[in-house]
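Report on one structure; see the data block that follows.
Structure, rendered in structure tokens:
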């Protein structure tokens, strides 16, 4: 009895640890938009020679450079000559396209959106992603369609629409530059994920992660210079930038990635799914606390609908798991009886 207990407890403790870290990672990522906006406000209140040196572009560029440090420490073993020789020209093309979409275009559009609208509006516009992504993977990748998840995504989108519609006349929702940027960022994120899922199977995670970040950051640097001029990154090495960007890098990049990686390693898929479901509501609440944003009178009805969507998604997940368990049980029983009966008339 004591031996069984000793063997079970560590596994259970790891599951609990993984679930807790998954929640920590979700909260960190949900706070990232608010943290970026808060740092930009700090820069606006502490200008250097009349300029805000903590710009969104500087935050993205320096934050991406800093993220390379933990990636190299975690994944340097994947960069072997054998792994690199195994990659074809098609792999490198898809890696480069994925780098541009996921590490340059998508974060650039999200930061542009944050510069022109509220964090709440960015989060709400992002609710179009779950149903669109499920539909895209079904139509383009021929993956299994999950109707309950799709319905949950649509219901959550309805909750976002309600929250937007009830903002009131003084702060009514307007489809401006920020909202369009958030929408385009969501579409770019979907495209980058589809590219990764279709063409990057079999590529070591370390090569994918480091190459994507390094090349994507380079793309973003030259794209920003082309769009805004050579002087755009003139303050990137200002001490004030590095003083505050470390907060973003330590909390979001390093802390978020570390918690998320361990969460995925030890937590059950249901715990991870449940934690990520609360990401939009967490992001809105954090924006209220950190930035003083007011989502308006639609918070309660819209939030209730989003909670309903979470319940629908979890119900669908439980149904799928139960169906798989029943199928496995039937197959096991069939094989068991197969061994019990020797002669079957043939």
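Residue numbers (full-length UniProt numbering): 1 to 346.
For every residue, glycine included, the Cβ atom is placed at its ideal position computed from N, Cα and C.
The C-beta separation of residue 272 from residue 30 comes to about 14 Å, leaving the pair out of contact by the 8 Å criterion.
Note on residue 150: 16 or more other CB atoms within 10 angstroms of its CB, so buried under the neighbour-count rule. Within the model, the alpha-carbon separation for residue 325 versus residue 139 is close to 27 Å. For a cut-off of 8 Å, the C-beta gap from residue 120 to residue 305 is around 16 Å, too long to register as a contact. Beta bridge pairing from DSSP links residue 48 with 51. If you check the CB distance, residue 266 and residue 17 come in under 7 Å. With fewer than three CB-CB distances shorter than 8 Å, the segment 82–93 does not count as touching the segment 47–58. Look at residue 267 here: in three-state DSSP terms it is coil, with no helix or strand label. Per DSSP, residue 147 is one residue of the alpha helix (DSSP H) stretching across 147–165. Beyond the five residues adjoining it in sequence on each side, residue 127 comes within less than 7 Å, by CB distance, of 156, 157, 160, 280 in the same chain, given in chain order.
In the three-state reduction of the DSSP assignment, residue 23 falls in the helix class, which pools H, G and I. At a Cβ-Cβ threshold of 7 Å, residue 252 and residue 54 do not count as neighbours. Excluding residues up to 5 positions away in sequence, 57, 224, 225 lie with their Cβ nearer than 7 Å to the Cβ of residue 232 in the same chain.
Beta-carbon to beta-carbon, residue 316 and residue 76 are separated by about 40 Å, too far to satisfy the 8 Å threshold.
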